[in-house]
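J.: Mapping of the sequence shown onto numbering that gives the first Met the number 0: position 35 corresponds to residue 34, and the numbering continues sequentially without gaps.
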Amino acid sequence: MSEETSPADSGHGPVRRRAITIMTPVFVGLLVAMLVLGTTLVLLQIAGLLIVNPGVIIGTAEALSPWAFGVGGALGIWTLLLSYAHGWKPAD
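1. Alpha carbon to alpha carbon, how far is Gly75 from Pro53?
2. Thinking just about the alpha-carbon of each residue, which of Thr23, Gly28, Thr39 is nearest to the one in Ala62?
3. What span of residues does the alpha helix (DSSP H) with Trp87 cover, start to end?
4. Would you call the stretch 19 to 34 and the stretch 45 to 60 in contact, with 3 or more CB pairs under 8 angstroms?
5. Roughly how many angstroms lie between the CA atoms of Phe68 and Leu34, to the nearest whole one?
6. For Leu29 versus Val70, is the C-beta distance shorter than 8 angstroms?
7. For Pro89 and Val55, what's the separation of their Cα atoms in angstroms?
8. Would you report the Cα separation of His85 and Val51, rounded to the nearest angstrom?
Dropping the structure here:
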């Protein structure tokens, strides 16, 4: 048997359930954005290595790194907020 429960069976009130319902798609969107940005960054830098063009490597890092780290930071903060909304504790 699975230990997972539906949000309605979690014992949370309606406001917390609504917050979880709204926050989860934002979490998924941030996660996908971070993964796409990180993958693009690495693949473009690998392409720069293969064509032996340091301008591509440096330009890619300068253009995408702020976005990748910004989205990654937002994802980290959002993850903490979502775990708080779910009521998870460090021991869980």
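Here a beta-carbon is modelled for each residue, glycine too, at the ideal position from N, C-alpha and C. As the structure is a computational prediction, the values presented were derived from the model and not from experiment.
T.: The structure says:
1. In this structure, the alpha-carbon of Gly75 lies about 31 angstroms from that of Pro53.
2. Taking Ala62 as reference, the option from Thr23, Gly28, Thr39 with the minimal CA-CA separation is Thr39.
3. Note, Trp87: premise wrong, no alpha helix (DSSP H); not H, not E.
4. no
5. 11 angstroms
6. The answer is yes: Cβ separation under 8 angstroms.
7. 42 angstroms
8. 48 angstroms
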